[in-house]
Every structure is written in structure tokens, then in C-alpha cells.
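Residue numbers (this note's numbering), protein chains in the order written: chain A, 1 to 451; chain B, 1 to 121.
Cβ atoms here follow ideal geometry from the backbone N, Cα and C, with glycine treated the same way.
Structure record follows, encoded as C-alpha cells.
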Amino acid sequence: MDKSCCGPGYASPTEAIKAPRENLLYTIAIYTGTGIQKPDYLATVDVDPNSPNYSKVIHRLEMPGIGDELHHMGWNACSSCHDDANMARKYLLLPGVRSNNIHIVDTATNPSAPKLHKIISGADIKSKTNLSGPHTVHCLGSEIIVSMLGDAKGEAPGGYLHLNKDFEIVGRWENSMGSIPFSYDFWYQPRHNIMVSSEWAAPNTFMPGFDLEEVGHLKYGRQLHFWDFEKREPIETFYLGEDGLVPLEVKFHHNPDSSHGFCGAALSANVIHWWKDDQGKWNWEKIIDVENEPHPDWPIPIPGVMSAILVSMDDKYLYLNNWLHGDMRQYDISDPHKPVLTGQVWMGGLLGKAPEVNGVKMAGGPQMFQLSLDGKRLYVTTSLFSTWDNQFYPEIRENGGVMVMIDCDPENGGMSINSDFIVNFGNEPNGPSRCHEARYPGGDCTSDIWL
Amino acid sequence: MTHTVKIENRDNSLYEVDAKRSLLESLREQGVDLPYGCKYGGCITCAAKLTSGKVDQRRQVALNNRQLNEGYIILCVARPKTDISLKIGVESHDKLYRNPFLDPLKPHELKADIATSKGEN
């Protein structure tokens, strides 16, 4: 393909892997729920090992108000419009889960010092779409959809906000929610005309914190939903039962021809795998089951709480976290039916296996992570969500969040904590903040989709 | 009609507030720096502890019955029915957050829509 013709991203996952190394990354950092009356912000972290500022926050873009709870992010454009020379990966969308505001940040004009471009007001979103609780952002060719976890009053099931490329509200993306009870994450694989969505809970359920009893009262999800992507309506639901309590992150293989995908069920601490068989039927199975771990002070063994998963750009490795246990794992999924554990490291967690990393006291456990396109560097942060942090790791108020880098071996498998890198958000100028999701300007392993 | 709000952990400072407006709105207008998030009663970020007096917070959907019994109120939707005393901010959140595995809720302590009445345990 003639590269001079092209828009954002890469012609294929293979091309993406060959991209230049990331020199900086963005992570959101929150003060919401911490007791510090300052806005959440987008932090730029220098990840160029040749820079004097390596492993430091070099810029902070504050949101205009307090209380957003920035959480996940997404690009205005990715490899899904690689053929459109009029598009560019220029804007990062930062939804506020609590405020409902969506901040559009220009990261291209000056990548190390992003600036606010526009705000889509939460009130406007509510009045035009009856939606709240923005979560996952995916670009869709030149347009954007955002999973919204609740209606304007914070009740499930929410739906999908559709934005055009100028960040104007088009309306609801979906034609029907069918009988879907909850929303959370989603990923689409257009060559199979399929989208898969998962289930957390209504904003009014998860925002105030986690009451375990509400799982039994069916206030949290345990299903996956398969959508006819073109018709924009759900066509099939998989009831995962006890194997799939609170299914959160959804990832397809990056290879656009593949039908294989994965979901991490947070409370069951299982990885669910799905694929389309020769008859065109979708199937699912549990492929990873992290056992609960005993703890001397706990009446019941501690569940892993697998809040995130990630597939490397070459589709060879799946990474997962156990936020309460404290470990990050790497599985070889060359045979997606039979994953093989190839790496494991500890950072924080309640089991006490790594209370300090590189001299920094850990509060929280491994939580969100982003992998470099070449599969060699995994950046991991420790905070989940302000209210849930406050329940499970109250010391995070004083200590703040941490970003750790794990060196990964994409050839032979294996992972180890990099001893030269650590970003301690406990030392931020306005006091301890908490970092969560991270993105690279050149694209990353959790955004790009190929048509 | 107005009521007096005393904020105990801000040197017992006193504020006159409108009975028909949310405490968050009235207090912030008078310069009290309060946390908040959703502004509709669903997210708990603005929770404060009521130590005396009464409020109307029928619109809140964030608190479970145990939190309500501990005196927590949601400032973005709560309106004063009498003169009241409050503790604000995270300093008042000592009993707001609990590890749900170590300290389970009893059936009557769940949120109102799923709680049993106390006798039914």
C-alpha cells in the first residue's frame, strides 16, 4: 500500500508491531474521591529511556471542573480509517464516569503538552440521548461510539452514544438493546459483522462502591452479548453463570480475519474465550481459572478480581491482572483453547507478596495496563475506581497510585519488572493522585481495529 | 424558608441555607469547598455525615441502609428540614467505605430496593 495516501494507524497488525517505540504515554489521574479538591487530569509520562525526564510526569492537563472521575479513554481515529487520508489520530476522548462530561483533548499539536479542544457536556448527552456513565470509546471508521452504562438517572442498561468526527452528538448508536440488562465494555470485528459487549452494573450500583450481596441480587452482570454490527442490535446472549461473574474487558484478536475473542470475568477471575465454528455458530468456553487465595484475616479466600485483559498485537499473548491478589500474568494463547502460563510478576495486592516495587510502597494492585505495539513493554497502574479503591485499599489515599513497567519477552515468553522505571503518583504536586488507563500517541494494543 | 447548617469539622462554621435547595448547591455558593460527582444522588462522592437535625434525601440512590443508619447523607440531593449539623468531606467517610468481603451486609442493611425489613432476617 502506498503509505503517503494514508490516514491514521497502520495497514495491519504486522505493520503496527514495526512502528517506532513509544516516547511518551498518557494516563489519566484522579482526585475524585480522594479528599483533594482538585480536578482530575491527563498526565504525560516520559517513557523515552534516553530522556533526562525518563519515568517522570512531564505535563498535567487539568480538567475544568472537579468530580469527573476520568477512567478510560479512546482515540478519535485508529487503523479503522487507515485508508482515509483526511483523518488523523489527533484527539483523545476522556469521559468522566461520574460527571458524564466527555473531554476532547488535542494530543497532536504538542504531544508532550496536550490541550483541551472541546467538552461535550454531560447535561447535553443526557438531554439528547438519555444516557450517562460513559466508559469505553471506540472509533468506528471516522465516527465514534461510547458505551454508556446507564440512562440519564444512572439506571441500567444504558446504551451507546454516537458522535460524529466533529464530536457532535448524533444520538444513540444502537437500534435496540434487546433484553440486555447491563453495559460495560465492547469490541467489534467487522469482517465477521460482530460486536461483543459485556456487563458491569448500573452506575447507581457500582459508583457508590461494591456491595458483594448485590451480585447475588443480580445487580451485577454475568452474560456476554453478541451483536449484528451492521444492524446495530443484539442477536445472541451467552449466560456465563458462576464462571462469568462481572464480565468486564472484551478483546478480539487484532487479526481482523480471526473470530477469536476473550473476556475477563472480574469476580470469578476467569478468562472466557469465544470463537465462530465452521458452521458459523458462536461458541464459548472458560480457558483460565484463577483460584481464590486464602488470607489469614479473611473469612473466605480472596478472589483475584481480574478487572482487565489485553491481547498483544501479534495475538500471541494474553495479559491479565489480579487486582486483589497482586499479580500480572502472561499467557501464550497461540492455541486460544489451551493457554499456557508463561510469565507472572507481583506488584502490591492483598497477599503481601510485593509490598514495595523499586523502592515505592504499593497501595492497590495491578489494575489497568497498556502494552507497547512491539509487545515488549507493559505499563501497569494500580487504581481501579475511587470508591472501590477506598474500600479495598484505603491506604491509597495517602500513598496514591503507581505506574510500573514490566519487560515482556515476545519471543520466548516471560515477564519481569523493569528496575529503572517507576512513576509514583503519590508525589504529585497537588498531593497523591491515582492513575488508571494509559494510551500512546501512536496507537496501542487496546484501540486499533482493522476493517 | 431557611435553616442553619453547622459544619463541625470546619470550626463549627454556620451557614443559612434555603430549605428548597440542595445542601451542595447552597453551601458551595457560600464558599464551602465540597466534593461532588454526578449531582443527581447516585455516586456517593459528596456524602457527608449528619450529626443532628433532619434532611429530605428521598432522591438519593447511592446509600445502602447501613450507611443511612450511620447518618450519611448525599449533599447533592439532600435538603434541610430543620437546622442541622454536619461533618463534611472524606474526614467524615470513616464508616462510608468497608471491605465488602470482611464486613458483609445483613439483609436489612442492603439498599432500599433489595433490603428485607429488619424482622425478616
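For residue i versus residue j, is the C-beta spacing smaller than 8 Å?
| i | j | result |
| --- | --- | --- |
| residue 127/A | residue 184/A | no |
| residue 324/A | residue 365/A | yes |
| residue 77/A | residue 139/A | yes |
| residue 79/B | residue 56/B | yes |
| residue 402/A | residue 360/A | yes |
| residue 437/A | residue 119/A | no |
| residue 322/A | residue 290/A | yes |
| residue 397/A | residue 67/A | no |
| residue 164/A | residue 143/A | yes |
| residue 72/B | residue 49/B | yes |
| residue 452/A | residue 248/A | Given a span of 1 to 451 for chain A in the structure shown, any question on residue 452/A remains unanswerable. |
| residue 99/A | residue 65/A | yes |
| residue 74/A | residue 136/A | yes |
| residue 79/A | residue 450/A | yes |
| residue 161/A | residue 104/A | no |
Short of 8 Å in beta carbon distance, which residues of its chain neighbour residue i, apart from the five on each side in sequence? Order them along the chain.
| i | result |
| --- | --- |
| residue 121/B | For residue 121/B, the pLDDT reaches just 49, beneath the cut-off of 50, and the residue's location in the model is therefore unreliable, leaving the point undetermined. |
| residue 209/A | 387, 388, 390, 391 |
| residue 261/A | 187, 189, 196, 250, 251, 252, 253, 273, 274, 275 |
| residue 89/B | 9, 34, 35, 48 |
Ignore the nearest five residues each way along the sequence and tell me which others in residue i's own chain have a CB closer than 7 Å to its CB.
| i | result |
| --- | --- |
| residue 52/B | 84, 85 |
| residue 1/A | Confidence is the limiting factor: at residue 1/A the pLDDT is only 43, short of 50, which leaves the residue's position unreliable and the question unanswerable from this model. |
| residue 404/A | 347, 357, 380, 417, 422 |
| residue 66/B | 105, 109 |
| residue 229/A | 188, 190, 193, 194, 195 |
| residue 446/A | 310, 370 |
Going by CA-CA distance only, name the one from the options that's closest to residue i.
| i | options | result |
| --- | --- | --- |
| residue 52/A | 420/A, 436/A, 439/A | 420/A |
| residue 123/B | 74/B, 66/B, 14/B, 34/B | Only positions 1 to 121 of chain B appear in the structure, and residue 123/B is not among them; the question remains open. |
| residue 156/A | 186/A, 203/A, 76/A | 203/A |
| residue 351/A | 294/A, 377/A, 274/A, 370/A | 294/A |
| residue 434/A | 63/A, 23/A, 193/A, 71/A | 71/A |
| residue 335/A | 322/A, 348/A, 150/A, 318/A | 318/A |
| residue 193/A | 109/A, 313/A, 257/A | 257/A |
| residue 179/A | 167/A, 191/A, 159/A | 159/A |
| residue 5/B | 112/B, 113/B, 82/B, 117/B | 82/B |
| residue 6/A | 24/A, 83/A, 134/A, 49/A | 83/A |
| residue 385/A | 345/A, 73/A, 97/A | 97/A |
| residue 427/A | 362/A, 297/A, 93/A | 362/A |
| residue 215/A | 182/A, 153/A, 48/A, 237/A | 182/A |
Just to confirm my understanding: we take residue i, look at its own chain, exclude 5 residues before and 5 after, and list those with CB closer than 6 Å. What are they?
| i | result |
| --- | --- |
| residue 36/B | 24, 45, 46, 76 |
| residue 330/A | 317, 319, 342, 343, 415 |
| residue 62/A | 39, 41 |
| residue 9/B | 87, 91 |
| residue 444/A | 370 |
| residue 308/A | 249, 321, 368 |
Using a Cβ cut-off of 8 Å, pull out every chain B residue sitting near residue i, in sequence order please.
| i | result |
| --- | --- |
| residue 38/A | What residue 38/A touches in chain B: nothing, since even the nearest Cβ is about 10 Å away. |
Just the chain A side, please: which residues come within less than 7 Å of residue i by C-beta, in chain order?
| i | result |
| --- | --- |
| residue 73/B | The premise fails here: residue 73/B is roughly 13 Å from chain A at the closest Cβ pair, so nothing lies under 7 Å. |
| residue 45/B | 32, 33, 67, 98 |
Going along chain A, which residues have a C-beta under 8 Å from residue i?
| i | result |
| --- | --- |
| residue 33/B | 37 |
| residue 104/B | 212, 213 |
| residue 55/B | Neighbours of residue 55/B on chain A: none; closest Cβ ~18 Å, over 8 Å. |
So which residues of chain B does residue i contact, with C-beta pairs closer than 7 Å?
| i | result |
| --- | --- |
| residue 300/A | 101 |
List, in chain order, every chain B residue whose beta-carbon is nearer than 9 Å to that of residue i.
| i | result |
| --- | --- |
| residue 207/A | 37, 38, 42, 43, 44, 45, 62 |
| residue 203/A | 38, 42, 43 |
| residue 390/A | 90, 93, 96, 97 |
Taking residue i as the query, report the chain A residues whose CB atoms sit under 9 Å from its CB, ordered along the chain.
| i | result |
| --- | --- |
| residue 84/B | Simply none; closest approach about 22 Å. |
So, do the segment 404 to 421 of chain A and the segment 269 to 281 of chain A have three or more beta carbon pairs nearer to each other than 8 Å? Contact fails: fewer than three Cβ-Cβ distances are below 8 Å.
Tell me whether the segment 196 to 210 of chain A and the segment 219 to 236 of chain A touch, counting them as touching only if at least three CB pairs, one residue from each stretch, are closer than 8 Å. By the criterion of at least three beta-carbon pairs nearer than 8 Å, the segment 196 to 210 of chain A is in contact with the segment 219 to 236 of chain A.
Tell me, please, whether the segment 58 to 75 of chain A touches the segment 110 to 128 of chain A by the rule of three or more beta-carbon pairs shorter than 8 Å. Judged by Cβ distances under 8 Å, the segment 58 to 75 of chain A makes contact with the segment 110 to 128 of chain A, as three or more pairs qualify.
contact_flag[the segment 370 to 377 of chain A, the segment 17 to 27 of chain A] where n(CB pairs < 8 Å) is 3 or more: The segment 370 to 377 of chain A, when compared against the segment 17 to 27 of chain A, does touch it at the 8 Å Cβ threshold.
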